[in-house]
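Residue numbers (this note's numbering), protein chains in the order written: chain Y, 104 to 377; chain A, 1189 to 1518.
Heads up, the thing below is written out as structure tokens.
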Amino acid sequence: MANQTPTFFIMTFVLVIHVIVALTGVWWAPYDPFAMLSGKPFDPPSWAHWFGTDNLGRDVFSRVVYGERFVLFPALMASGLAAVLGSAIGIILAYKRSWADLMGMRVVDLILCLPSLIVILIVLSVLGSNTVVMILVIAFFFTWIVVQTVRSAALSVVTEDFVTKATLRGESAWSVAFREILPNVASTVFVEFTLRTGYAVFFMGALSFLGYAAKPPTPEWGLMINEGRAVISAAPWMVLGPALALASLVVALGLFTEGLSETLGLTSQRQRAK
Amino acid sequence: MRFALRLILPRIVLAALTLAAISVIIFTLVELLPGDAATRVLGRNATAENVEVWRKRFNLDRPPVTRYLLWARDFARGDWGVSLVSAQVASAGNPGGKTMRPVADLVLPRLKNTLILTLYVMAISIPASLFLGIVTAVFRERRFATWLSGLVLFGVSMPDYVIGVLMLLVFTVSLGWFPALALIDQATSVAEMVHMLTMPAVTLAIAVTGVSVRMMQGSLLQVLDSDYVRFATLKGLSKTRTLLVHALPNALGPAIRVTVLSLVWLIGGVVYVEVIFTFPGLGMLLLNSLKLLDTPVILAGTMLLSAFLILANLAADILAAVLNPKLRKQ
């Protein structure tokens, strides 16, 4: 960590603040985020209402603070699930290197060719748009991207002597995969995890912005941006609060991942769902 | 020629197979949407006999596999069916007065608009990413290049819908330079169109440029560190000559590939941007059709997007193979 840039530390700091807000925000948010007429409707930012009030007189700052958990936790769940499933599949494919590997890579290519946003919207229309479905669908798409990255990292490990030795020693495939290979691709998995978290925040915000996922009056940032869009010239602060919160979280995650992968000697693979 | 065929043919076959597989996935998903086409057209209080007529019309009396095959055949022939929403109007009351709208009539003008927007985005992003990629790679030791790289990274990380909303806030609400709506139609003149499309195009260009600059920079840095560039420098060639004659041509292959792939990035972003600026493109049409469950439109639009993605990937693959000097010599 010695040769890290100041940017990395600033971004780490921003991330820590986001996590603290997500964990403790409900206890110290100045107003009830659902209470109408905490102030006058469309009140511009002031000492009483830092981010102003919205069309129903709700305090935008309290809504942004409350909203953090609706944004951060589902994103972490989706990326965590994708990281676990993706690295398990990736390692197995790299270790087995048989027809399963060929098939697996074809599946990856196929899924990466789907226009994921539209497909996710169709799936949400079929299964009903709730948080659990959203997490699972996003995790599904991200899993295959993780598979691709982890598999290629694991491929350079499986040819190492210690893996051969472990195999010759009679260790089971399971044990070789998770005791010999996994520790050596752990940094790749972790970088993938933080990177996917950023994209998950981005994607879930997008889904709420388009009117899927979160439903009013949830103080979800993407939804708040969409609600504020209609009255943007009358009350730009309604959009500004959640937009800056969302941007700072996604940018901080992106730059944090960048610094992290440089420290760990990895070149980050930026691949986004389309 | 034979070499080119051996290189390209398998990729085309693979792309066609991929499209076929994707069409199965998309068809299945759309079939799972609540309700079926006949009830969607007729609504709740339809007579059984009426429903039977429409079920026949949409092949709902046949098994799903047959339905898929019939749809795929018609789709490939260019017959994309009729919009259910227009059929709703036609079935209610006066069947003679209103005619049903073919899906192609709905989708193609929207596709044209989206393509216009895409071209505008590329007109901004290609020169910008070439310039930024070269500058940040060549002057990598200078402070301003570090700042530029940082800025680029910032652009990549920002969600496109946040960029769009912030642009709207600054350039429409505060400065009033550009209109909030990008509602173009046939009557819009070119000058008006440029004026209306500038904000959506710049929004998308920021996201796309960020990605391509980073890849461009990477490939140029690799070339600049290679032995032949070092040799050219040691031979005493000027910096400009080394860059233009020796380094750039070798970095161009990856750059073109990157440019084509950045089209793929556009597909996601274009939906949000169309919503933010109320642009009558394919993304908006798809969103609306999904809300109305107008399945033939959803199918056609999603298939077009997938075909576009696959074609972009195919083009990038073929270009990379053709432009790679090592492969060419074989």
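All C-beta atoms in this analysis are idealised placements derived from N, C-alpha and C, irrespective of residue type, glycine included.
All values reported here derive from a predicted model rather than from experimental measurement.
Inset, instruction - Mind checking the region 218-235 of chain Y against chain A and listing, in chain order, the residues whose C-beta falls within less than 8 Å of any C-beta there? - result: P218, S219, L220, I221, V222, L224, I225, V226, S228, V229
Inset, instruction - Output yes if chain A places a C-beta closer than 9 Å to the C-beta of Y:I120; else output no. - result: no
Inset, instruction - Report yes or no: is there a C-beta of chain A within less than 9 Å of the C-beta of Y:I335? - result: yes
Inset, instruction - Answer with yes or no whether the minimum CB distance from Y:E361 to chain A is below 9 Å. - result: yes
Legend entry - Exposure of A:T1216, with buried meaning 16 or more beta-carbon neighbours within 10 Å: exposed
Legend entry - Close Cβ partners of Y:Q83 (< 6 Å) along its chain, the five nearest in sequence each way excluded: This structure does not reach residue 83 of chain Y, given that chain Y is present from 104 up to 377, and the question cannot be answered.
Inset, instruction - May I ask you to report which of helix, strand or coil DSSP gives Y:P320? - result: coil
Legend entry - Y:P148 - DSSP class collapsed to helix/strand/coil: In this structure, Y:P148 counts as coil in the three-state DSSP scheme.
Inset, instruction - Tell me whether the beta-carbon of Y:A256 lies closer than 9 Å to the beta-carbon of Y:V288. - result: yes
Legend entry - Beta-carbon proximity of A:G1352 to A:T1386, cut-off 9 Å: no
Inset, instruction - Less than 8 Å between the CB atoms is what I'm expecting for Y:L213 and A:T1206, so what's the real figure, rounded? - result: 6 Å
Inset, instruction - Check the Cβ of A:N1476 against every Cβ in chain Y and list those closer than 9 Å, keeping chain order. - result: Residues of chain Y passing the Cβ test: none, with the nearest at roughly 11 Å.
Legend entry - Per-residue burial, A:P1251 [other beta carbons within 10 Å of its own, 16 or more giving buried]: exposed
Legend entry - Spatial distance of Y:W324 from A:L1354 (CA atoms): Computed Cα separation, rounded: 14 Å.
Inset, instruction - Determine, using beta carbons only, whether Y:R332 and A:I1464 come nearer to each other than 9 Å. - result: The criterion of a C-beta distance shorter than 9 Å is satisfied by Y:R332 and A:I1464.
Inset, instruction - Could you say which of A:V1417, A:V1448, A:A1226 lies nearest to A:N1501 if we only look at CA atoms? - result: A:V1448
Inset, instruction - Starting from A:H1383, follow the alpha helix (DSSP H) in both directions and report where the run begins and ends. - result: 1378-1412
Legend entry - Reference A:S1271, options A:T1483, A:V1461, A:R1194, closest by Cα: A:T1483
Legend entry - A:M1384 to A:L1473 span [Cα, whole Å]: Spanning the alpha carbons of A:M1384 and A:L1473 requires a straight line of approximately 19 Å.
Legend entry - Under 9 Å between C-beta atoms of A:T1490 and Y:I225: yes
Inset, instruction - Put A:P1290 into one of helix, strand or coil per three-state DSSP. - result: strand
Legend entry - Per-residue contacts from A:M1346 into chain Y (C-beta, under 8 Å): A350, V353, V354
Legend entry - For Y:M54, the first and last residue of its enclosing alpha helix (DSSP H): Lying before the first or after the last residue shown, residue 54 of chain Y is absent from chain Y, which here runs from 104 to 377.
Inset, instruction - Measure the alpha-carbon distance for A:Q1405 versus Y:Y315 and round it to whole angstroms. - result: 37 Å
Inset, instruction - Keeping to the same chain, check which residues put their C-beta closer than 7 Å to that of A:V1417; ignore five residues upstream and five downstream. - result: V1411, T1430, H1434, A1435
Inset, instruction - Kindly identify the DSSP beta-bridge partner or partners of Y:V249. - result: Answer by DSSP bridge pairing: none, since Y:V249 is not bridged.
Inset, instruction - Taking Y:T110 and Y:L298 to be in contact with their CB atoms under 8 Å, please state how far apart those CB atoms are, rounded to whole angstroms. - result: Actually they do not touch by this definition, with Cβ atoms about 16 Å apart.
Legend entry - Residue range of the alpha helix (DSSP H) that includes A:K1244: 1236-1245
Legend entry - Chain-ordered residues of the region 246-257 of chain Y with a beta carbon less than 7 Å from chain A: none
Inset, instruction - Give a yes or no on whether the minimum CB-CB distance between Y:D213 and chain A is below 9 Å. - result: In the sequence under discussion, the amino acid at residue 213 of chain Y is Leu, which differs from the Asp named in the question. It does; some Cβ of chain A falls within 9 Å.
Legend entry - Beta-ladder partner(s) of A:V1270, from DSSP: A:P1290
Legend entry - Residue closest to Y:R161, alpha-carbon to alpha-carbon, out of Y:A197, Y:G344, Y:L258: Y:G344
Legend entry - Environment of Y:I221 [buried if 16+ CB atoms lie within 10 Å]: Counting the other Cβ atoms within 10 Å of the Cβ of Y:I221 gives 16 or more, which makes it buried.
Inset, instruction - Note down, in chain order, each residue of its chain lying with its Cβ closer than 6 Å to the Cβ of Y:A338, except the 5 sequence neighbours on either side. - result: F145
Inset, instruction - Determine, using beta carbons only, whether A:G1269 comes closer than 9 Å to chain Y. - result: no
Inset, instruction - Classify A:D1348 as helix, strand or coil using the three-state DSSP reduction. - result: Under the three-state reduction of DSSP output, A:D1348 falls in the helix class.
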